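**Student:** Just so you know, the sequences run in chain order A and B.
Each residue of the first sequence is one higher than the one before, counting from 1 in our numbering.
Each residue of the second sequence is one higher than the one before, counting from 1001 in our numbering.
Heads up, the beta-carbon is just placed ideally off N, CA and C, and yes, glycines get one too.
Please read these numbers as outputs of a predicted model, since none were measured by experiment.
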Amino acid sequence: MSNPFNPQQGGQVADRLNPLVAGSQATDAAPPASRAIPVRRRRGFVRWFLDTGWRHLIGIVMLVFAAFPLLYVLSASLNPTGTLVGSNELFRTIDFSNYVELFQRPQQPYAAWFLNTLVIGLVTAAGTVFLGALAAYAFSRLRFTGRRVGLLTLLLVQMFPQLLGVVAIFLLMSGIGEIFPQIGIGTQAGLILVYLGGALGVNTYLMYGFFNTIPISIDEAAKLDGASHAQIFFTIVLRLVAPILAVVGLLSFIGTFSEFVIASIMLTDPQTQTLAVGLYQFVSQETSRNWAIFSAGAVLAAIPVMALFLYLQKYIVGGLTAGSVK
Amino acid sequence: MSTTTPGAAAPETAPPVDPPAPRPRTSGGSARRSRGQSLRGLLIKIVLLGIVDAIALFAMFVLVMQESWLVFGIAAVVTVVINLIYLRPGWLPAKYLAPGVFFLALFQIFVVGYSGYIAFTNYGDGHNSTKEDAIESIIANSLTRVPDSPTYRLTVVEQLGTYGFLVTDPDGETLLGTPDQPLDEVDAEEDSTGKAVGVAGWNSLAFGDLLANQSLIADLSVPLSDDPNDGALRTPDGSNAYVYTSDLVYDEASDTFTDTTGGTVYRDGGEGAFVSDAGQELQPGWKIDVGFDNFVRAFTNEDIRGPLLSVTVWTFAFAILSVASTFALGLFLAIVFNAPHMRGKKIYRVIMVLPYAFPGFLSALVFLGLFNQQFGFFNQVLLGGASIPWLTDPWLAKFSILFVNLWLGFPYMFLICTGALQSIPEELAEAATVDGARPWAVFRLIKFPLLLVSVAPLLISSFAFNFNNFNLIYMLTGGGPRDVTAGVDAGATDILITLVYKVAFGEGTGRDYGLASAFAILIFLIVATISIVSFRKTKALEELN
């Protein structure tokens, strides 16, 4: 198993990973065991191979390609020798000491990073969903002068991602910090506010499209029954559009989770940093020596995001194809 | 800037604010329930609006204290508008749009405009502040002790974290001053020798405190008077202070600095710094508007133009090749797995989507280890101990980046291509087959064009995303290997956005916010142009169908 990029050995890796595939291959592709009907079986195999068998071959190669780096980092995180060299023998030993060590380094407060990332990500996601839903409701249900212009402006502004304004954001937040240190540079509250600046935009478009699919007659019926516009919004519409709220919240969370540029200029104290900033500085300085502990950190950090992603995959894919990119 | 403050509370604020306005509409059977809810809504609205107003008032108070009148004015107007929107009946769209627009205005629109402004200044290391601040710090930086300075007996005092000097001058007068507040006469307690030892409102530092804050106190300089040329008191030991004056004397009338030891005259050279005739510059300088200088510099200065050009070319190459390679692989896989009778498709799909679910910045860091020249898995295991400089050779580094981006991006393309393929009606292909088209022709002439129509906008946004794919480049190679001949910190794999970051916040060279913002404006123009042009084209495509 030393060389997973070798297709044959790679196949074995994939087999082990994936008993179902291995099983189907074994039954379908196994050379004929008995010689009683060799010719027919062989012809059957050839036809099967030309029809679907080659697809499995490509599938197995792709499985190795896709899964290998992830298995590698998982193996490295379980390797007690701790260095990059020691990580090259996959799954030689299984040992959780790196995970323990990860939480015992005062210089790299991993637990704090993890918590910071979750808090910043969740608050930003909640805020984004909320601001976006309000705006989408207005654009979808209300007719007012400037509505079209407003939608177009949102599109236009989005072409200048916040990333590009990083210098201006840095100077702006330094200025704000002189007046209100609580939300200036170096604070997580300030970072969240900056992230919320990107709340309207692509997200609003996603929601706007979804809001439009909810029949307006529902609103009208509620209005006849005496509900106020706020009651309609909070108690009826928001419930009906819950799936898109989940998607936008998740996309926003994942985006914030991986955001590095703005977080790195805003947060300088290790205690306040996020995983992206902290782990980057941790591993970029001494890649080789810190490798196993970094791997443990990476595995733990990836678990919540991957779990959420796979759990809500159906919705996300729908959202993605509607026009957003990771 | 302080406009932010009302915003701090705005996210929670805005929503509940709306309920009460349309109350009159309540009627008939559900009136009771409605009124109850509206009352609750009204309460929530009052509380939240109150919180916003309280924060806004506090902000305005601070702004008045700091005499930032322009920002104060803006904050006041914004606060009034917010109150109007939520207290006045009607204006329904505004009630729903205000919170999001507030953040959008401050952190997107204002930031774009501000970037544009910074691009026309020399803002950066050594040019951070106003001319007055620069003059003060030039004088403070060049203080030397007057040879026959009288001795001032000193007690270091402290108030709320600010240190001050309580001194007894040679004539026996007691004076108090801080670095921001020149010496002034004060009534103080004196000990038996006539030395002032304490003053009301201030804590006198004991010997232990002096030791603990030694370096801080040694750096203090308390001006003798409002005129910085008079000099300042400093203390080498914490118990005696001496007069220090600057070698550099500032003359307000002629706006020059004169070096009293050598007689050199430094003038305001018009570039945000005092320069001597010999070209020597006094640090720090100050921020001035430089017009198109940053852009001119980027396009004419050989040290910058060369790297900027190669970075721009690589940015395009990277974005185009990334989209092309991930789309090709994704489409290929979508076709391969679009086989109705194939077993195990689900499992393939789940595993192949994993690279996409894995957080992007972590992938780059994992590959950083895999590609490591000495110890990495690729060199050590796959290539049996080779020493291939995957990330440090200019061309191999480019290849590695594209490889990693292929790994990161193909699942997305696979997903969208699968979706697009499945939405193409089977009848079209069947009809073509009946007409005698071969499978390849069916794909090339029917399925592919249809697929392109639905996928094209996503390819464009993918291009725009990769054009600014900061995380991958910065975490994998840091833009390196560095081009040592370049006048800016640019490397072989730098794309424009990493260049902006390195010029603005890099550690190797000084920070140059002006030049960095000029680069950012360039990126904006490029991306905006491409997006507008290509979206127009795809719209045309859609109309054709």
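With a 10 Å radius around its C-beta and 16 neighbouring C-beta atoms as the bar for buried, classify residue 1073 of chain B as buried or exposed.
**Tutor:** Result: exposed.
**Student:** Go through its chain and collect everything with a Cβ distance to residue 1131 of chain B's Cβ below 6 Å, but skip five positions before and after it.
**Tutor:** Closer than 6 Å at the Cβ level, and outside the excluded window around residue 1131 of chain B, lie 1286.
**Student:** Nearest to residue 1464 of chain B by alpha carbon, out of B:1319, B:1087, B:1252, B:1103?
**Tutor:** Considering only alpha carbons, the answer is B:1319.
**Student:** Examine chain A for any beta-carbon lying closer than 8 Å to the beta-carbon of residue 1481 of chain B, and answer yes or no.
**Tutor:** For residue 1481 of chain B, the answer is no, since every Cβ of chain A falls outside 8 Å of its Cβ.
**Student:** Three-state secondary structure (DSSP) at residue 1433 of chain B?
**Tutor:** DSSP places residue 1433 of chain B in helix when its eight states are reduced to three.
**Student:** What is the rounded straight-line gap between the Cα of residue 257 of chain A and the Cα of residue 121 of chain A?
**Tutor:** Distance between the alpha carbons of residue 257 of chain A and residue 121 of chain A is about 6 Å.
**Student:** Could you tell me whether the Cβ atoms of residue 1503 of chain B and residue 1488 of chain B are closer together than 8 Å?
**Tutor:** Contact flag set, yes.
**Student:** Assuming residue 1434 of chain B and residue 69 of chain A are in contact, meaning their beta carbons sit under 8 Å apart, how far apart are those beta carbons, in whole angstroms?
**Tutor:** Rounded, the Cβ-Cβ distance is 46 Å, inconsistent with contact.
**Student:** Quick one: does residue 132 of chain A have its CB under 8 Å from some CB of chain B?
**Tutor:** So, interface residue.
**Student:** Are the C-beta atoms of residue 172 of chain A and some chain B residue less than 8 Å apart?
**Tutor:** Yes, because at least one Cβ of chain B sits closer than 8 Å to the Cβ of residue 172 of chain A.
**Student:** Can a CB atom of chain B be found closer than 8 Å to the CB of residue 113 of chain A?
**Tutor:** Cβ-Cβ to chain B under 8 Å: no for residue 113 of chain A.
**Student:** Measure the beta-carbon distance from residue 175 of chain A to residue 268 of chain A and round it to whole angstroms, keeping in mind my assumption that it falls under 8 Å.
**Tutor:** Not really, about 17 Å apart at Cβ, beyond 8 Å.
**Student:** Nearest-angstrom Cα distance between residue 113 of chain A and residue 1325 of chain B?
**Tutor:** Cα-Cα distance, rounded: 35 Å.
**Student:** Beta-carbon separation of residue 272 of chain A and residue 182 of chain A under 8 Å?
**Tutor:** No, the Cβ-Cβ distance between residue 272 of chain A and residue 182 of chain A is not below 8 Å.
**Student:** Quick one: Cα of residue 1479 of chain B to Cα of residue 1497 of chain B, how far?
**Tutor:** The straight-line gap from Cα to Cα measures roughly 10 Å.
**Student:** So the candidates are B:1460, B:1166, B:1135; which of them puts its Cα closest to the Cα of residue 1536 of chain B?
**Tutor:** Comparing Cα positions, the closest option is B:1460.
**Student:** Just to confirm, are residue 1531 of chain B and residue 1323 of chain B a CB contact at a threshold of 8 Å?
**Tutor:** No.
**Student:** To the nearest angstrom, report how far apart residue 1408 of chain B and residue 1416 of chain B are at their CA atoms.
**Tutor:** One C-alpha to the other measures close to 15 Å.
**Student:** Please check if any C-beta of chain B sits within less than 8 Å of the C-beta of residue 188 of chain A.
**Tutor:** By this cut-off, residue 188 of chain A is not an interface position.
**Student:** The beta strand (DSSP E) that contains residue 1265 of chain B, what's its start and end?
**Tutor:** Taken as a continuous stretch (DSSP letters only), the beta strand (DSSP E) holding residue 1265 of chain B covers 1265–1268.
**Student:** Can we say the region 1094–1108 of chain B touches the region 129–138 of chain A, given the rule of at least three CB pairs closer than 8 Å?
**Tutor:** Touching, yes, given that three or more Cβ pairs across the two stretches are closer than 8 Å.
**Student:** With 16 as the cutoff for other CB atoms within 10 Å, does residue 1300 of chain B come out buried or exposed?
**Tutor:** Its Cβ having fewer than 16 others within 10 Å, residue 1300 of chain B is exposed.
**Student:** What did DSSP end up calling residue 22 of chain A once you bin it into helix, strand or coil?
**Tutor:** Its pLDDT being 36, under 50, residue 22 of chain A is placed unreliably by the model, and nothing is read from it.
**Student:** Could you round the C-beta distance between residue 299 of chain A and residue 74 of chain A to whole angstroms and report it? I think they count as a contact, below 8 Å.
**Tutor:** Indeed, because the Cβ distance is near 6 Å, the residues count as touching under 8 Å.
**Student:** For a contact meaning CB atoms closer than 7 Å, what does residue 302 of chain A contact in chain B?
**Tutor:** Simply 1358, 1359, 1362.
**Student:** Contact between the region 285–296 of chain A and the region 98–105 of chain A: three or more CB pairs below 8 Å?
**Tutor:** Contact between the region 285–296 of chain A and the region 98–105 of chain A is present, because at least three Cβ pairs lie under 8 Å.
**Student:** Cα-Cα, which of B:1041, B:1512, B:1401, B:1191 is closest to residue 1370 of chain B?
**Tutor:** Nearest option by C-alpha distance: B:1401.
**Student:** Using three-state DSSP, classify residue 1058 of chain B as helix, strand or coil.
**Tutor:** In the structure shown, residue 1058 of chain B sits in a helix (DSSP, three-state: H, G or I).
**Student:** Taking residue 169 of chain A as the reference, which of B:1295, B:1160, B:1103, B:1191 has the closest Cα?
**Tutor:** It is B:1103.
**Student:** Measure the CB-CB distance between residue 1520 of chain B and residue 1038 of chain B and report whether it falls below 8 Å.
**Tutor:** No.
**Student:** For residue 1341 of chain B, which three-state DSSP category applies?
**Tutor:** Three-state result, residue 1341 of chain B: coil.
**Student:** Select from B:1473, B:1458, B:1492 the residue whose C-alpha is nearest the C-alpha of residue 1534 of chain B.
**Tutor:** Considering only alpha carbons, the answer is B:1458.
**Student:** Go ahead and pull the three-state DSSP assignment for residue 1243 of chain B.
**Tutor:** Strand, per DSSP.
**Student:** Would you say the beta carbon of residue 1224 of chain B is closer than 7 Å to some non-hydrogen atom of the ligand NAD?
**Tutor:** This structure simply doesn't include the ligand NAD, nor any ligand for that matter.
**Student:** So, does the CB of residue 313 of chain A fall closer than 8 Å to a CB anywhere in chain B?
**Tutor:** Yes, because at least one Cβ of chain B sits closer than 8 Å to the Cβ of residue 313 of chain A.
**Student:** Which same chain residues, not among the five before or five after residue 1251 of chain B, have their C-beta less than 7 Å away from its C-beta?
**Tutor:** Taken in chain order, the residues that qualify are 1258.
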